[in-house]
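The structure under discussion appears below in the form of structure tokens.
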Amino acid sequence: MRDGMNADRRVQDGPKRPWLCDECEQRLSQWEKPFAEQLFAYVHRTSEDQKAVSYGAWAIKFAVSVSWRTLLYYQEQSDYRAPTHMNAENLAAAERAESRWRRFLLDEEEHPGPFEQHVLFVDTPAEVRGSVSPFISRYLTRSVHIDLLAASSTCVTYTKLCRVVVFGFVQMPSPGKWKGTKLHVKKGSIGGRGRAEIPEWVLNYWNEKADAMGTAFAGMSPKQKQRVSDMFRSTPLDALGASEAFRAMRADVALSGKRAFSATGRPVGMSGAVDLAIQDGEDGAEPEGRTP
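Each residue of the sequence shown is one higher than the last, beginning at 1 in this note's numbering.
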């Protein structure tokens, strides 16, 4: 697995920050373990035969913990308050979300309130309409990525752990457009093929970031390129053919043909957006990210 925007860096999760004391680290680890064993592992060993996954109270605690850390990461950035990205309404909502999420993690609140947690399992696209990034399958299945998405009336934390994506609602004017993704406080089930509906701006965002990942791979250092080449050459063909990396590459070739082998992604002049309408908020503005 690699950082979606820095192809030289192999990663297991997001950026590290010294925010937590030992006691809080232990508190969060009690939710990370069931997530890893009951949800993450299952999602990454299934595809077409994937069923809905049952969860307990640990799921929303884990989701809030990663959304909270993603938000904190961006709040520490020097340009966090730049009006070109976060308007005053977004900033105020982010302060409320951070406080509510923190209190929920400390058992001072019974639920996250309006700052909902939504989880989506992703895979290689079965079919697409319009122009699609030749890196879309590799981005969806193989990348680790965090972001803070904002528009005039929308703000969402985005934490992507390969095929598991956690969205933390900071400000969401139309939460009803998200179906089959919301985590409940005590228990529920999530996933299962064909059960989820999301706003179509998310698809445009994925397409954009898939192209950005292609550009990042084009800028990989010669040393790292050689390491990748050596790894592929040393892997037995049967093992390579059964790997998730090969499955994602094969899906990109099926969708985009020879463009999937292009190190720089889409040729200049070709549209980067999936041919779908944008659905967001009152004014239809599409949220933009702040990828580190």
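Every residue, glycine too, gets a C-beta built ideally from N, C-alpha and C.
Starting from residue i and walking both ways along the beta strand (DSSP E), at which residues does that stretch end?
i, result
"L39", "Where L39 is concerned, there is no enclosing beta strand (DSSP E), given that its DSSP letter is neither H nor E."
"A150", "S143 to A151"
"V170", "V164 to Q171"
"G225", "The sequence as given places Lys at residue 225; Gly does not occur at that position. First-last for K225: P222 to S234, but that is the alpha helix (DSSP H), not the beta strand (DSSP E)."
"S189", "G188 to I190"
Nearest CA to the CA of residue i: which residue from the options?
i, options, result
"V144", "Q117, L105 and V165", "V165"
"F62", "Y139, K177, K187 and M172", "K187"
"R102", "Y158, W68 and P34", "W68"
"G289", "G113, T235, N204 and R247", "N204"
"A36", "W58, W19 and L237", "W58"
"P114", "M86, D107 and F169", "F169"
"V64", "S29, F232 and W178", "S29"
"K182", "L39, V119, V228 and G56", "V119"
"Q171", "R247, P236, L39 and E116", "E116"
"E48", "C162, A126 and C24", "A126"
"T46", "R163, G257, K33 and R227", "R163"
Following the continuous alpha helix (DSSP H) through residue i, name the residue where it begins and the one where it ends.
i, result
"D49", "Run containing D49: none; DSSP gives neither H nor E here."
"D211", "W201 to A218"
"Y73", "W58 to Q75"
"D252", "E244 to S256"
"F121", "It is not in any alpha helix (DSSP H) - F121 instead sits in the beta strand (DSSP E) that spans Q117 to F121."
"L161", "Element bounds for L161: not the alpha helix (DSSP H) but the beta strand (DSSP E), T154 to L161."
By how many angstroms is the C-alpha of residue j removed from the C-alpha of residue i?
i, j, result
"G130", "V202", "15 Å"
"P18", "R27", "15 Å"
"E244", "R142", "8 Å"
"M213", "V122", "17 Å"
"T215", "S262", "10 Å"
"L148", "V156", "6 Å"
"M86", "E108", "28 Å"
"V185", "I60", "6 Å"
"L105", "Q75", "18 Å"
"N94", "T159", "Residue identity differs from the one stated: residue 94 is Ala in this sequence, not Asn. Going by the C-alpha atoms only, they are around 16 Å apart."
"M231", "V43", "25 Å"
Against chain C, does residue i count as a neighbour if the rule is that its beta carbon must be under 8 Å from one of theirs?
i, result
"Q226", "No chain C appears in the structure shown, which is made up of a single protein chain."
Would you grab the beta carbon distance between residue i and residue j for me? Rounded to a whole angstrom, and I think it's under 8 Å.
i, j, result
"E98", "L72", "7 Å"
"T124", "A248", "6 Å"
"E197", "K179", "4 Å"
"V53", "Q77", "Wrong, their Cβ atoms sit about 34 Å apart, outside the cutoff."
"T235", "I146", "About 29 Å; that fails the 8 Å criterion."
"F40", "L161", "7 Å"
"R96", "P112", "Wrong, their Cβ atoms sit about 11 Å apart, outside the cutoff."
Specify whether the region 244-254 and the region 132-152 touch according to this definition: at least 3 beta carbon pairs, one from each stretch, less than 8 Å apart. yes
Would you check if there are 3 or more beta carbon pairs closer than 8 Å linking the region 77-97 to the region 204-214? no
For the 8 Å Cβ check, are there 3 or more pairs between the region 152-163 and the region 176-191? The answer is no - the region 176-191 does not touch the region 152-163, with fewer than three Cβ pairs under 8 Å.
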